[in-house]
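Colleague:
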């Protein structure tokens, strides 16, 4: 996916990567991307930026991280929307989401993790064990969290392979949970101060908070345009924007997304869309989707539907909530960060009525004709919560298609048939 | 398993049970019990008590619970060793472990829970949906906990079928986690005061603490005898004792177990055992085993081995730790309860080095020749932690047999072959 120039190869070697395996990986992605993305008609021009980003995903961006570290900064790897980017950034760190969206080195992974572990976790472990993710190899620290049994326990093994720090996310959202979580932020600050050799200042945290909020505001703006009919951008492209938000340079990303949003607003004003006005509109909700996991969106949109919103960690859960910017002390900003992050509605919480409300609200705002409830196999939190999502959606008169899948392509034929039948039903 | 006398049937009807389904269930268990238990040779005489208990598991014991409620007491259902019996007891409650050890009504369960949910959870939900567990039907309140994703999310659905209260067990064991957990005890007290209409007093909590400690001391004593060679009691019988500890009358149970322990001590002094001195000695560790889940113990012991210890929730995790009895105020007793329960080493914690230490220590104390690492399929915490258990055991020179299974009998043939091969290796 990048020109395998000598420069990058020496960089990858320096990072301790498995060049041979990595070559195989890099050879596979461009075709995948072309099939899913470049085959689309009438894409917003601004998406050219993401085409470029994707072509340089293991190249130029890694070089930037390398230069950032050479200039005294740190690179902090994360796997989850609950790890506060604001704090990482305020301490001179670049936050990067780690590779976890494709099958890799499963033979090695299954030596240490059960086969019936979700694809996201197996993938993350495989990219590390196979040494083909330049992000984790660039990371000064990886920050884990206790969001699910699989990750919580897999981190214990991951921590043998990479420098790891685990935050405890509570499982409820009561005042005492917020207190525990607020304490976790203090401990994270201490850990990142140690790793970075810097001290957290009010100015730095305020600036970082504003910058990360701006990134989320840009994504909000881009996504707001999708409420229009016809949809001005494909779900696949909108999903990619959020996926890239996890590892791109923050101010640059904000600028590029704002540019796309502007373009989308012009399209909406002109009534121009990427799908016909009568294309069935689908809300996707469930487990996270990491690059290059575009499977479900691809199936829906190639079958003539259009995904209009994602109630996902790589979707609304990432960008909908903002951190309060008006605090006047570090502690106040951290309070705001604690509140914002704990307010995200992941299925790891019990109970989690906020997510059901989000799904219904988004379906309404984005005029969805139906809901695709997506779960990774063996992702117990989302798989079990699907029962509640289905009930609420049906009570609201919204048809639901339940998809439990992984990263393999074996079920694409069968899934495609189910998606087509679902879209037919939505059309009727 | 009980004489289906008219008296019990009217009691079951009053509880709202499905008599037809329940008849089928009751018809199945005596054969299962006879095959596993009554077929054993030279059992301790004291086990006759447990034969009686098992024959009256849905009869006389339920009648006792009925009478207890009629006299103003409460019945509190639990699924987990982290729910403090002392507090329930001090507020006039009888704590009962709920049915979760056999497949029941899976067709109904799989309408609301994913197929790939662990057998313990599917079973608990099935017994409730099928209305064949008189314990849950007798319960004034069921207390859940956030020990794993499966239970945490399944409780949300279970709570639609039964009065439910969920305690948040933290995921680490640091001072701040103990603080959160200590707060959970205060909230549990408030909830149980509300349900029982009583107020917690120091005297009642002190008495209950001593009584529950006595129960655990009796189990400690029974289990200590198993360190002898030849083993004076089968693993199956010792397992049953802990399983029954979850729902039997506490003082009566203590007395009967003490009586068995005394008998075992005499056997040890006389060098009398239930297995030959050269029978391979196996430590079983992993997921909990609820009545009538005796599958693994049965396979090991029918193949000529003997299980000498269980590092299980239905084993050492239940009885090894005691609550401090020397506090002089309610708060002090609650502090001791919080500390004791949080010290239990379940795989739901991260990290969980204490469990590895427990496994190695027990293997040493009980002179185990090998370890059977047992996990329910889809029980991510224990399945993933098995990697660490295996490593530590192998470093200590202890062979490990890994068994991932469920409650079906489909894999018994294949498992039996693996168990036999493992015992052969231990003999060599």
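Chains as they are written, first to last, in the numbering used here: chain V, 32 to 459; chain P, 32 to 459.
Each residue gets a CB set at the ideal place from its N, CA and C atoms; glycine is no exception.
Residue 412 of chain V versus chain P: which residues are under 7 Å apart at the beta carbon?
Modeller: Within 7 Å Cβ-Cβ: 180 and 184.
Colleague: I'd like to know if the region 309-323 of chain V and the region 332-348 of chain V are in contact, where contact means that at least 3 CB-CB pairs between them fall below 8 Å.
Modeller: Touching, per the Cβ criterion.
Colleague: From the DSSP output, read off the bridge partner residues of residue 109 of chain V.
Modeller: Answer is V:128 and V:174, bridged to residue 109 of chain V.
Colleague: Between residue 332 of chain V and residue 77 of chain V, which are expected to be in contact by the criterion C-beta below 8 Å, what is the C-beta distance as a whole number of angstroms?
Modeller: Incorrect: roughly 18 Å between the Cβ atoms, too far for contact.
Colleague: What would DSSP say about residue 192 of chain V, mapped onto helix, strand or coil?
Modeller: The answer is coil: DSSP assigns residue 192 of chain V none of H, G, I, E or B.
Colleague: For residue 420 of chain V, which option in P:143, P:126 and P:442 has the closest C-alpha, if you only look at C-alpha atoms?
Modeller: Of the candidates P:143, P:126 and P:442, the one whose C-alpha sits nearest the C-alpha of residue 420 of chain V is P:143.
Colleague: Who are residue 314 of chain V's beta bridge partners in DSSP?
Modeller: Residue 314 of chain V is bridged to V:340 and V:402.
Colleague: What does the Cβ neighbour count give for residue 122 of chain P, buried or exposed, with the cut at 16 atoms within 10 Å?
Modeller: So residue 122 of chain P counts as buried.
Colleague: I'd like the ranges of any alpha helix (DSSP H) spanning at least 4 consecutive residues and lying wholly in the region 230-300 of chain V.
Modeller: List check, alpha helix (DSSP H) in window: 233-255 and 266-276.
Colleague: Quick test of your reading: residue 168 of chain V and residue 46 of chain V, contact by CB under 8 Å. State the CB separation rounded to the nearest angstrom.
Modeller: Contact flag correct, Cβ pair sits at about 4 Å.
Colleague: Go through its chain and collect everything with a Cβ distance to residue 230 of chain V's Cβ below 7 Å, but skip five positions before and after it.
Modeller: So the qualifying residues of the chain are 224.
Colleague: In the DSSP output, which residue or residues are listed as bridge partners for residue 436 of chain V?
Modeller: Looking at the DSSP assignment, residue 436 of chain V forms a beta bridge with V:407.
Colleague: Enumerate, from N- to C-terminal direction, the unbroken beta strand (DSSP E) stretches of 3 or more residues contained entirely within the region 133-187 of chain V.
Modeller: You should have 172-176.
Colleague: Any beta carbon of chain P sitting closer than 8 Å to that of residue 319 of chain V?
Modeller: No - not a single Cβ of chain P is within 8 Å of the one on residue 319 of chain V.
Colleague: If you compare alpha carbons, which of P:271, P:308, P:278 and P:344 is closest to residue 291 of chain P?
Modeller: Selected option, being the one with the closest Cα: P:271.
Colleague: How would you list, in chain order, the residues of chain V whose beta-carbon sits under 9 Å from the beta-carbon of residue 203 of chain P?
Modeller: Near residue 203 of chain P (Cβ distances below 9 Å), the residues of chain V are 177, 197 and 199.
Colleague: Could you check where the alpha helix (DSSP H) with residue 332 of chain V kicks off and where it finishes?
Modeller: Run containing residue 332 of chain V: 326-333, per the alpha helix (DSSP H) assignment.
Colleague: Sorted by chain position, which residues of the same chain lie with C-beta nearer than 7 Å to residue 227 of chain V's C-beta, five sequence neighbours on each side aside?
Modeller: Here the set comprises 105, 122, 123 and 124.
Colleague: Does the region 322-329 of chain P come into contact with the region 61-79 of chain P, if we say contact requires no fewer than three beta-carbon pairs (one atom in each stretch) closer than 8 Å?
Modeller: With the cut-off at 8 Å, the region 322-329 of chain P and the region 61-79 of chain P touch.
Colleague: Run through chain C and tell me which residues come within less than 8 Å of residue 143 of chain V, C-beta to C-beta.
Modeller: Here chain C cannot be found, since the structure's protein chains are V and P.
Colleague: With a cut-off of 8 Å, does the C-beta of residue 409 of chain P fall near any C-beta of chain V?
Modeller: Cβ-Cβ to chain V under 8 Å: yes for residue 409 of chain P.
Colleague: Express the C-alpha separation of residue 350 of chain V and residue 254 of chain V in angstroms, rounding to a whole number.
Modeller: Their Cα atoms are separated by approximately 10 Å.
Colleague: Could you check where the alpha helix (DSSP H) with residue 86 of chain P kicks off and where it finishes?
Modeller: Segment 79-86, the alpha helix (DSSP H) holding residue 86 of chain P.
Colleague: Can you tell me which of the three DSSP states residue 456 of chain P falls into?
Modeller: If DSSP states are grouped into helix, strand and coil, residue 456 of chain P belongs with the helices.
Colleague: Which one of V:396, V:374, V:388 and V:405 has the shortest CA to CA distance from residue 343 of chain V?
Modeller: Nearest of V:396, V:374, V:388 and V:405 to residue 343 of chain V, Cα basis: V:405.
Colleague: Three or more C-beta pairs under 8 Å: does that hold for the region 275-290 of chain V against the region 235-247 of chain V?
Modeller: Contact between the region 275-290 of chain V and the region 235-247 of chain V is present, because at least three Cβ pairs lie under 8 Å.
Colleague: So the alpha helix (DSSP H) residue 202 of chain V belongs to, where does it begin and stop?
Modeller: Neither: residue 202 of chain V is in no alpha helix (DSSP H) and is coded neither H nor E.
Colleague: Taking only three categories from DSSP, how would you classify residue 217 of chain P?
Modeller: Here residue 217 of chain P sits in helix by DSSP.
Colleague: In angstroms with no decimal places, state the Cα-to-Cα distance between residue 72 of chain V and residue 41 of chain V.
Modeller: About 37 Å.
Colleague: Which residues in the same chain as residue 441 of chain V place their Cβ atom closer than 7 Å to its Cβ, once the five residues preceding and following it in sequence are excluded?
Modeller: Within the same chain, residue 441 of chain V has no close Cβ partners at all.
Colleague: Answer yes or no: does any C-beta atom of chain P fall closer than 8 Å to that of residue 308 of chain V?
Modeller: Not an interface residue.
Colleague: Determine which residues share a DSSP beta bridge with residue 322 of chain V and list them.
Modeller: DSSP output for residue 322 of chain V lists no bridge partner at all.
Colleague: Do residue 115 of chain V and residue 375 of chain V have their C-beta atoms within less than 8 Å of each other?
Modeller: The answer is no: Cβ separation not under 8 Å.
Colleague: Using 8 Å as the Cβ pair cut-off and three pairs as the minimum, do the region 127-143 of chain P and the region 155-164 of chain P touch?
Modeller: Touching, per the Cβ criterion.
Colleague: Based on Cα-Cα distance, which residue from P:75, P:91 and P:68 lies nearest to residue 43 of chain P?
Modeller: Among P:75, P:91 and P:68, the Cα nearest to that of residue 43 of chain P belongs to P:91.
Colleague: Going by Cα to Cα distance, which pick from V:334, V:362 and V:377 is closest to residue 345 of chain V?
Modeller: The residue with the shortest Cα to Cα distance from residue 345 of chain V is V:377.
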